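If you're matching positions, the sequence shown starts at 29 in the numbering used here and goes up one per residue.
Note that CB positions come from ideal geometry on N, CA and C, so glycine has one too.
Every value quoted in this text rests on a predicted model; they were computed, and no experiment measured them.
Have a look at the structure below, then the notes.
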Amino acid sequence: MSLHNTVSGNRVHIGFFGRRNAGKSSLVNAVTGQNLAVVSAVPGTTTDPVQKAMELLPMGPVLIIDTPGIDDEGALGALRVQKTQQVLHKTDVAVLVVDASVGKSDTDEELIALFREQGIPFLVAYNKCDLLSRPPEAPEGERAVFLSAQHKTNIDTLKESIAALSAPEDKRPIVGDLLQRGDLAILVTPIDSAAPKGRLILPQQQTIRDVLDSGAGAVVVKETELSHMLSCLAQTPRIVITDSQAFAPVAAIVPEDIPLTSFSILFARHKGDLIQAVRGAAALETVQDGDTILISEGCTHHRQCDDIGSVKLPRWIRGHTGKELRFVFSSGTEFPEDLSPYRLIVHCGGCMLNPRQMRYRQKCAAEQGVPMTNYGVLIAHIQGILPRALAPFPAAAAALTAGRL
Ligand SMILES: Nc1nc2c(ncn2[C@@H]2O[C@H](COP(=O)(O)OP(=O)(O)OP(=O)(O)O)[C@@H](O)[C@H]2O)c(=O)[nH]1
Ligand SMILES: [Mg+2]
Numbered sequence: 029m030s031l032h033n034t035v036s037g038n039r040v041h042i043g044f045f046g047r048r049n050a051g052k053s054s055l056v057n058a059v060t061g062q063n064l065a066v067v068s069a070v071p072g073t074t075t076d077p078v079q080k081a082m083e084l085l086p087m088g089p090v091l092i093i094d095t096p097g098i099d100d101e102g103a104l105g106a107l108r109v110q111k112t113q114q115v116l117h118k119t120d121v122a123v124l125v126v127d128a129s130v131g132k133s134d135t136d137e138e139l140i141a142l143f144r145e146q147g148i149p150f151l152v153a154y155n156k157c158d159l160l161s162r163p164p165e166a167p168e169g170e171r172a173v174f175l176s177a178q179h180k181t182n183i184d185t186l187k188e189s190i191a192a193l194s195a196p197e198d199k200r201p202i203v204g205d206l207l208q209r210g211d212l213a214i215l216v217t218p219i220d221s222a223a224p225k226g227r228l229i230l231p232q233q234q235t236i237r238d239v240l241d242s243g244a245g246a247v248v249v250k251e252t253e254l255s256h257m258l259s260c261l262a263q264t265p266r267i268v269i270t271d272s273q274a275f276a277p278v279a280a281i282v283p284e285d286i287p288l289t290s291f292s293i294l295f296a297r298h299k300g301d302l303i304q305a306v307r308g309a310a311a312l313e314t315v316q317d318g319d320t321i322l323i324s325e326g327c328t329h330h331r332q333c334d335d336i337g338s339v340k341l342p343r344w345i346r347g348h349t350g351k352e353l354r355f356v357f358s359s360g361t362e363f364p365e366d367l368s369p370y371r372l373i374v375h376c377g378g379c380m381l382n383p384r385q386m387r388y389r390q391k392c393a394a395e396q397g398v399p400m401t402n403y404g405v406l407i408a409h410i411q412g413i414l415p416r417a418l419a420p421f422p423a424a425a426a427a428l429t430a431g432r433l
């Protein structure tokens, strides 16, 4: 396959972020070995994202994205976040460029919080180390590279670190990033007729595994035993995770100060871009008579999904909106290239798609400006449980509020 035949979805997307004048464009030029990006001492030189597809060793095909610098004025401005957000949607690995002679600012910390929340692996590139007699120390646990874009020192180290972060099976957290060693997570798993015989479903198993990997403990309980179990605990749970079907009764039991979310929210984030999915769900409020909604499934053989996708969702959506809508269905590997006919895309959870495939579909929708959500997030929205279920994810919660306006 030639370089140009590699569709952009199959390229590792590497985004360079940071404050104005940190040297993002200089670093992009040093990494690519080309003078693609305009560099100047005037802050705010880069005004729109600049991207370049190329072959970058030791990674292979990549897409390098240089972004406009973020202002220093306190909290990230809404518009800036939106621009940064658009790039974050497609970023596989983020490089936070910090001027080492200045150090990290609140803005940088906010960017790091955004990366974390969206499960985007990142590293901090301390640039302009040539200005220092000796490089600063990185905070413990931070993946950092000390370099100089101008003197081209440690650029290879940066490339290797990026490659290490973009390992093929990208390990996006399910819930582990919200937990600390010794924490307790409660998992509420109703056992009804839809539950498989003699075992738990995969998302529940994977969540338990993720809890264990983070050194926390899991209490797994049916909604009927939840109240009793809560009263037995000597330690306040860090989070309660429930099957969305049981959200209402569970929300009534779990005190407001204990974070409560659903498996579908966790997996929307694990598999793809939660913020985009939330925006897509909020877009349901803006559909009009005559709009077409695409309902898309990743596989062709899951009876249960099929029933939800082809029968229940159209009914719920019509009931919720009260609009005359047209529904179009796609399944398996087919996903329309031209998404412009659709006002909204509702995708299944994508259990048969790998995160990259799922994210690629989300990228296509984002690039074409079509709102896209998934079954779990949309159903949660229709049930009215999103505000509470999103509370552990502030940026996604903000997207819900913004999307409804
Ligand atoms: N001493 C030193 N100066 C650098 C280095 N890298 C970049 N600079 C200088 O820092 C200034 C800003 O560089 P840019 O690459 O334009 O910074 P940027 O982050 O892209 O800035 P915006 O696009 O405005 O956000 C320029 O004057 C560069 O020459 C470095 O490693 N050492
Ligand atoms: Mg720039």
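- By the Cβ neighbour-count rule, H298 is buried, with 16 or more other Cβ atoms within 10 Å of its own.
- Boundaries around N155 are those of the beta strand (DSSP E), 150-155, since no alpha helix (DSSP H) includes it.
- The alpha helix (DSSP H) runs of length 4 or more contained entirely in the stretch 36-60 are, from start to end of the chain, 52-60.
- When the five nearest sequence neighbours on each side are left out, the beta carbons in the same chain lying within less than 7 Å of the beta carbon of D238 are those of P201, I202, V203, G204, in order along the chain.
- The Cβ atoms of G245 and L212 lie closer than 7 Å to each other.
- Inclusion of V67 in the 6 Å shell around ligand 1 follows from its C-beta lying nearer than that to a non-hydrogen atom of the ligand.
- When only Cα atoms are considered, P364 and A276 end up about 36 Å apart.
- Beta-bridge partners of I323 (DSSP): F357, V374.
- In the DSSP assignment, F275 falls within the unbroken alpha helix (DSSP H) covering 275-281.
- A166 and Q79 have their alpha carbons spaced roughly 29 Å apart.
- By the CB criterion at 7 Å, A305 and P399 fall outside the cutoff.
- Within the chosen limit of 6 Å, ligand 2 reaches the beta carbon of S53 through at least one heavy atom.
- The continuous alpha helix (DSSP H) containing K299 extends over residues 291-299.
- T401 is bridged by DSSP to V374.
- With contacts defined as CB atoms closer than 7 Å, V56 and D94 qualify as a contacting pair.
- If you draw a straight line from the Cα of V90 to the Cα of E83, it is about 6 Å long.
- With fewer than 16 other Cβ atoms from the protein chains shown falling within 10 Å of its own Cβ, G131 counts as exposed.
- Each residue's CA atom was taken as its position, placing L139 and A192 some 21 Å apart.
- In the structure shown, the three-state DSSP call for E83 is strand.
- Collapsing the DSSP output to three states places D335 in a helix.
- Pairing E170 with L151, the inter-Cα distance amounts to about 7 Å.
- Relative to ligand 2, the beta carbon of T73 is positioned inside 6 Å of a heavy atom.
- Taking 7 Å as the cut-off, the beta carbon of G404 is found closer than this to the beta carbon of G377.
- In the structure shown, G245 adopts extended strand secondary structure according to DSSP, grouped into three states.
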